[in-house]
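With the working numbering, the residue at position 293 of the sequence shown is 293, and numbering never jumps.
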Amino acid sequence: MRRSEIGNRQSPIGNSRVLVTGGGGYVGSHVVLALLDAGIATVVLDNFEQGYLDAIAPDAEIVSGDIRNADDVARVFERGPFAAVLHFAGLANVPHSFADPEKCYAANLTGGLNLLAAARRGGVKAFVFSSSAAVYGPPERTPIPEDHPLRPISPYGFTKAAFERVLSDFGAAYGIRSVSLRYFNAAGADPAGRAGERHNPETHIIPIVLQHLRGKRPCIKVFGTDYPTPDGSCIRDYVHVSDLAEAHVLALKALAAGAETASLNLGLGHGYSVREVIATAERATGLKAKVMEEGRREGDPPVLVADSSRAKSVLGWVPRHDSLEAIIADGWRWESQHGQERMA
Ligand code: UFG
Numbered sequence: 001m002r003r004s005e006i007g008n009r010q011s012p013i014g015n016s017r018v019l020v021t022g023g024g025g026y027v028g029s030h031v032v033l034a035l036l037d038a039g040i041a042t043v044v045l046d047n048f049e050q051g052y053l054d055a056i057a058p059d060a061e062i063v064s065g066d067i068r069n070a071d072d073v074a075r076v077f078e079r080g081p082f083a084a085v086l087h088f089a090g091l092a093n094v095p096h097s098f099a100d101p102e103k104c105y106a107a108n109l110t111g112g113l114n115l116l117a118a119a120r121r122g123g124v125k126a127f128v129f130s131s132s133a134a135v136y137g138p139p140e141r142t143p144i145p146e147d148h149p150l151r152p153i154s155p156y157g158f159t160k161a162a163f164e165r166v167l168s169d170f171g172a173a174y175g176i177r178s179v180s181l182r183y184f185n186a187a188g189a190d191p192a193g194r195a196g197e198r199h200n201p202e203t204h205i206i207p208i209v210l211q212h213l214r215g216k217r218p219c220i221k222v223f224g225t226d227y228p229t230p231d232g233s234c235i236r237d238y239v240h241v242s243d244l245a246e247a248h249v250l251a252l253k254a255l256a257a258g259a260e261t262a263s264l265n266l267g268l269g270h271g272y273s274v275r276e277v278i279a280t281a282e283r284a285t286g287l288k289a290k291v292m293e294e295g296r297r298e299g300d301p302p303v304l305v306a307d308s309s310r311a312k313s314v315l316g317w318v319p320r321h322d323s324l325e326a327i328i329a330d331g332w333r334w335e336s337q338h339g340q341e342r343m344a
């Protein structure tokens, strides 16, 4: 969609713009597409350490800057006023958060607080936060509802839980209402092929499996085969990134209509083990994978499956890509079309 067409569409949040931090990242870039598709004018702030400039839809306005730097944050707010902030910037990787907790805390907590303070000064009243199932730690029961105890087992999960608390306190004291969206495992790619998953280094299971099946990795390592699950490997709830993106647009609409601060799970409610992911990708591609069994990876809860009924009732969220096959098919198309470019 061209900028002129956006101006002609009726935006669900009125005639104002939103700020998206980390809009060059995996989930952020899909959310920017969904915002623009909904007619919402969007400014992106990204430091491009992990995000990609060419992942951002051309109709978004782009500012290069870092949320850890208060001057960069102040500079982007000069482009306001913003009706809302959608916050994705930060360190989003569990293994890296153990290797470098200082970096994780600086990005996710110091950076987040810089942003929130500037949003408050800038008169922002609505905030959508990219949270995670990592806030729960190993579940006591499954599927996990939002009122399950929060016992994160990684620095990353701790930062997400802590920032949700910061948001709740800012809501009570300053009237900034927020929706924290706790993603389970984001996966897949924009069905129209406009964006996809690109991490460097890649640590997530689905792109690793697809890269192996394309011949770019010698094997797939299965981290942990002795978990208390039917086949011994970890179970996760994979949710299509475009369905996640849609939930952010719905959260903005809900906040614009006066919704209260909430934390909402986003998952499909079905779990797949690592071995089932590999088998599904083999069926989808007609290729055979080479698997190596490894020890457990630090910070991995055995099972994470969402109870997303609250997101359905509060937001009216209905995932449209409700199968692992569909998620893997979109990921495979993206990997087949763009994997070669990324190697160059
Ligand atoms: N895995 C492998 N081999 C690999 C990569 C991953 O066996 O090469 C396994 C992991 O050990 C895990 C499962 O595949 O059991 C899924 O791992 P991912 O790295 O794809 O995703 P995570 O479950 O670690 O990460 C997701 C979200 C995070 C969130 C985390 C909570 O991406 O935001 O769940 O644990 F914090």
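Note that CB positions come from ideal geometry on N, CA and C, so glycine has one too.
Just so we're clear, the structure is a prediction, and the values are computed from it rather than from any experiment.
Apply the 10 Å Cβ neighbour rule to residue 327 and answer buried if 16 or more other Cβ atoms are within range, or exposed otherwise.
Here residue 327 refers to the residue found at position 327 of the sequence shown. Under a 10 Å Cβ-count criterion, residue 327 is classified as buried, with 16 or more other Cβ atoms of the shown protein chains found around its own Cβ.
Taking 7 angstroms as the cut-off, is the CB of residue 297 close to at least one heavy atom of the ligand UFG?
Counting from 1 along the sequence shown, the entry for residue 297 is found at position 297. Correct: residue 297 has its Cβ closer than 7 angstroms to the ligand UFG.
Have a look at residue 54 and residue 161 and give me their C-alpha separation to the nearest angstrom.
The residue given as residue 54 occupies position 54 in the sequence shown. The residue given as residue 161 occupies position 161 in the sequence shown. Rounded to whole angstroms, residue 54 to residue 161 spans 31 angstroms at the Cα level.
Secondary structure of residue 163, DSSP reduced to three states
One-based indexing of the sequence shown puts residue 163 at position 163. If DSSP states are grouped into helix, strand and coil, residue 163 belongs with the helices.
Presumed contact (8 angstroms Cβ cut-off) between residue 180 and residue 229, rounded CB distance:
Translated into positions along the sequence shown, residue 180 becomes position 180. Translated into positions along the sequence shown, residue 229 becomes position 229. So it is not a contact: roughly 28 angstroms between Cβ atoms.
Using the three-state DSSP reduction, which class does residue 47 fall into: helix, strand or coil?
The residue given as residue 47 occupies position 47 in the sequence shown. Here residue 47 carries a coil assignment [DSSP, helix/strand/coil].
For residue 183, is the classification buried or exposed, using 16 other Cβ atoms within 10 angstroms of its Cβ as the cut-off for buried?
Looking up residue 183 in the sequence shown gives position 183. With 16 or more other Cβ atoms inside 10 Å of its own Cβ, residue 183 counts as buried.
Which residue comes first and which comes last in the alpha helix (DSSP H) that contains residue 313?
Here residue 313 is taken as the residue at index 313 of the sequence shown, counted from 1. From DSSP, the alpha helix (DSSP H) with residue 313 extends over 309-315.
For the ligand SAH, I want to know if residue 185 counts as a neighbour, meaning its beta carbon is within less than 7 angstroms of at least one of the ligand's heavy atoms.
The ligand SAH is absent from the structure shown, which contains only the ligand UFG.
Are the Cβ atoms of residue 334 and residue 246 separated by less than 8 angstroms?
In the sequence shown, the residue the question calls residue 334 occupies position 334. In the sequence shown, the residue the question calls residue 246 occupies position 246. Taking C-beta atoms as the reference points, residue 334 and residue 246 fail to come closer than 8 angstroms.
Start-end ranges of the beta strand (DSSP E) lying completely within the stretch 267-340, minimum 3 residues
Along the stretch 267-340, the beta strand (DSSP E) occurs as fully enclosed runs of 3 or more residues at 291-294, listed in sequence order.
DSSP-derived helix/strand/coil call for residue 124
Residue 124 sits at position 124 when you count from the first residue of the sequence shown. Residue state, collapsed to three classes: coil.
The stretch 33-45 in contact with the stretch 141-154 per 3-pair CB rule at 8 angstroms
As far as the Cβ criterion goes, the stretch 33-45 does not touch the stretch 141-154, which means the pair count is below three.
Same chain, Cβ closer than 8 angstroms to residue 169, five either side skipped, listed in chain order
Mapped onto the sequence shown, residue 169 falls at position 169. Counting only Cβ-Cβ distances below 8 angstroms, and skipping sequence neighbours, we find nothing.
Beta-carbon proximity check, residue 250 vs residue 317, cutoff 8 angstroms
Residue 250 sits at position 250 when you count from the first residue of the sequence shown. Residue 317 sits at position 317 when you count from the first residue of the sequence shown. For residue 250 and residue 317, yes; Cβs fall inside 8 angstroms.
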